[in-house]
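Let me begin by presenting the structure, written as C-alpha cells, before commenting on it.
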Amino acid sequence: MASWKRNLMICWLGCFTTAAGMSLVIPFLSFYIEELGVTGTSSIAQWSGLAFGITFLMGAIVSPIWGKLGDIHGRKLMLIRASLGMAIIMTLMGFVTDVYQLVALRFLMGAVSGFLSTAMTFIAAETPKEHSGWAISTISTGGVSGSLLGPLLGGYLSELIGMRHVFLVTGAFLFLSFLIVFFFLHEENHSAQAKKVQTKKVWTMVPAKHLIISLFVTTFIIQLANMSVQPIVTLYVKNLVGPHTAHIETIAGAVMSATGLAVILAAPRLGRLSDQIGPQKTLVVALFAAGIIFIPQAFVTSAWQLLILRFLLGIAQAGLLPSVQTLLKQHTPTHVTGRIFGYNQSFQFLGNMIGPVLGGQIAAHAGFQYVFFSTSSLLFIACIWVYFHNKNEEVSEKRHLEVS
Numbered sequence: 027m028a029s030w031k032r033n034l035m036i037c038w039l040g041c042f043t044t045a046a047g048m049s050l051v052i053p054f055l056s057f058y059i060e061e062l063g064v065t066g067t068s069s070i071a072q073w074s075g076l077a078f079g080i081t082f083l084m085g086a087i088v089s090p091i092w093g094k095l096g097d098i099h100g101r102k103l104m105l106i107r108a109s110l111g112m113a114i115i116m117t118l119m120g121f122v123t124d125v126y127q128l129v130a131l132r133f134l135m136g137a138v139s140g141f142l143s144t145a146m147t148f149i150a151a152e153t154p155k156e157h158s159g160w161a162i163s164t165i166s167t168g169g170v171s172g173s174l175l176g177p178l179l180g181g182y183l184s185e186l187i188g189m190r191h192v193f194l195v196t197g198a199f200l201f202l203s204f205l206i207v208f209f210f211l212h213e214e215n216h217s218a219q220a221k222k223v224q225t226k227k228v229w230t231m232v233p234a235k236h237l238i239i240s241l242f243v244t245t246f247i248i249q250l251a252n253m254s255v256q257p258i259v260t261l262y263v264k265n266l267v268g269p270h271t272a273h274i275e276t277i278a279g280a281v282m283s284a285t286g287l288a289v290i291l292a293a294p295r296l297g298r299l300s301d302q303i304g305p306q307k308t309l310v311v312a313l314f315a316a317g318i319i320f321i322p323q324a325f326v327t328s329a330w331q332l333l334i335l336r337f338l339l340g341i342a343q344a345g346l347l348p349s350v351q352t353l354l355k356q357h358t359p360t361h362v363t364g365r366i367f368g369y370n371q372s373f374q375f376l377g378n379m380i381g382p383v384l385g386g387q388i389a390a391h392a393g394f395q396y397v398f399f400s401t402s403s404l405l406f407i408a409c410i411w412v413y414f415h416n417k418n419e420e421v422s423e424k425r426h427l428e429v430s
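Structure below.
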C-alpha cells in the first residue's frame, strides 16, 4: 500500500475517534451546567452559549499559529499536541466544581484543539495532487462519522454512568487518537524550507492570492449558513410533529443525522468527481444545489419530508468544504500549507461561532422559515462569488502564460 494511503487510513481513524470523543458531551452540556449550580432557563442558555462559543473563538485565534508551527516543526507533532492536550483538558472537565472552571477549560480546549484541521493539512501535503480531491473528501468523512456516533453514545452513557464519567470516557477517546498518531503515523513531506519563511512573506509565495482570499470568505459563508440552522432544527421538528408526540428527541436526532449520513456516503464519490472535472466546478454546483435544497425546507409539513431534504442537503454539502480545501492545496506551496489551512480554519471557526447566533436571532424575530431563506441566500451569494472569482483567476493565469 502506498504510504499516503496508509497515512490516510490512520488519520481517518484519528479523526473518527477525536470527533466521536468531542461530540460525546454535546447532548448534556447544558444539563451539566445546571448540575454545576446555574439556575433559570435564561442563565443556563447564556452559559451554554458561552461554553460553546468560547471554544470556537479561541480556535479562530490560534489556528494560524498552530498552522505555522506545523509547517516549521512538522504536522505530526501538531496532531500529537492537539490530541494529548484535548485528552487532558476533557478529563479535567469531569472534576470541575463550578461553571467558571468549565468555561475556563472550554477556553483552553479551543487553544489546544485543531486535530481535524491539522489532519486535513497533513493529508493535503502528503497526497499526490491527482488524488487530493478524493483523499480530502475521504478524510472529512472520518470527522462526520465520529460526530454522528458521539451524541448518540454520549446521551446513552450519560444515563448509564453519569455526566461526569462521560468526560472521562471522552478523554479516553482523545487519548486513543494520540496513541494512533504517535505510533502509526509517518510524515514524509515535511519541508525544511518552511523554517526560512517569515509570516509576512507567506503571501508573496502564494501565486493565486485573490483566489485564496475568496476561498477563505467562501468557507466563512458556508459555515455561517450551515450553522445558522443548527439551533432551530429540533424546535422546527417539534413544531412539525406536535409537542405531545412520543420520541421527539429521536425524530429530531434522525433528521439531524440524515445530513451527516449523506455526507459519509457522497463525499468519496464527489471527491473522485472533483479530481476528474476540477474542484472549482464541483464547488459551484454544490453551492447552487445546497441553496436550492434549503428553500423547500421552509415549506415542509411533516418530519419525514424534512428528513429527506436534509439527506439531499448532505449530498450537496459533501462537495462544499472538501472542494474548498482541495483548491487551497492545489494553489498553495507545500511549505506554507499549514499556515494557509490555519487561516482557513479561523474563518471556519468564525462561521461556526456566528452562525448559531444569527440563526437564533432570525428565528426569534422573523420565524423558522426565514432562517432557511436567509441560509439559501448566503449559499447563492457564495456560489456567485466563487464562480466569478474563478473566472477572474483563469483570465489572470492566461495573461500570465501569454506574457511568459
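Numbering (the numbering used here), first residue to last: 27 to 430.
Virtual Cβ for every residue (Gly too), placed ideally from N, Cα, C.
Membership of residue 96 in the alpha helix (DSSP H) is indicated by the continuous run 67-99. Following the DSSP letters along the chain, one finds residue 348 inside the alpha helix (DSSP H) bounded by residues 347-356.
Looking at the backbone, the Cα of residue 311 and that of residue 263 are separated by about 28 angstroms.
In the displayed model, residue 140 falls within coil according to three-state DSSP, outside both helix and strand.
One Cα belongs to residue 41, the other to residue 172, and the distance between them is close to 7 angstroms. Our two residues, residue 269 and residue 260, have alpha carbons roughly 11 angstroms apart in a direct line. Contact between residue 388 and residue 400 is confirmed by a C-beta separation of about 6 angstroms, below the 8 angstroms threshold. Straight across, the Cα-Cα distance linking residue 313 with residue 251 is about 11 angstroms.
If you keep only unbroken alpha helix (DSSP H) runs of at least 4 residues inside the stretch 283-309, you get nothing at all. Boundaries of the alpha helix (DSSP H) around residue 245: 235-267. Assignment of residue 170 by DSSP, reduced to helix, strand and coil, places it in the helix class.
Put simply, the backbone Cα of residue 62 is about 19 angstroms away from that of residue 135. Going by beta carbons, residue 245 and residue 347 fall inside the 8 angstroms limit. By the C-beta criterion, the stretch 201-208 is judged not to be in contact with the stretch 64-80, since fewer than 3 inter-stretch pairs fall below 8 angstroms. Sorting 240, 357, 112 and 148 by C-alpha distance to the C-alpha of residue 81 places 112 at the top.
Judged by DSSP secondary structure, residue 60 falls within the alpha helix (DSSP H) whose first and last residues are 55-61. For residue 31, the enclosing alpha helix (DSSP H) begins and ends at 29-49. Residue 57 sits exposed, since fewer than 16 C-beta atoms from the chains shown fall within 10 Å of its C-beta. Exposure of residue 185 is indicated by the presence of fewer than 16 other C-beta atoms within 10 angstroms of its C-beta. Between residue 235 and residue 105, the alpha-carbon positions lie close to 28 angstroms from each other. Under the 8 angstroms Cβ criterion, the stretch 33-52 counts as touching the stretch 174-193, having at least three qualifying pairs. The stretch 348-368 makes contact with the stretch 294-309; the number of CB pairs closer than 8 angstroms reaches 3 or more.
Around the beta carbon of residue 152, 16 or more other beta carbons lie within 10 angstroms, which makes this residue buried. In the three-state reduction of the DSSP assignment, residue 148 falls in the helix class.
Here the alpha carbons of residue 197 and residue 114 stand approximately 7 angstroms from one another. Sixteen is the threshold: when 16 or more other Cβ atoms of the shown chains lie within 10 Å of the Cβ of residue 355, as they do, the residue is buried. Shortest Cα-Cα distance from residue 168 to any of 384, 38, 331 and 398 involves 38. Taken through DSSP and simplified to helix, strand or coil, residue 230 comes out as helix. Nearest in C-alpha terms to residue 122, of all of 69, 149, 141 and 59, is 59.
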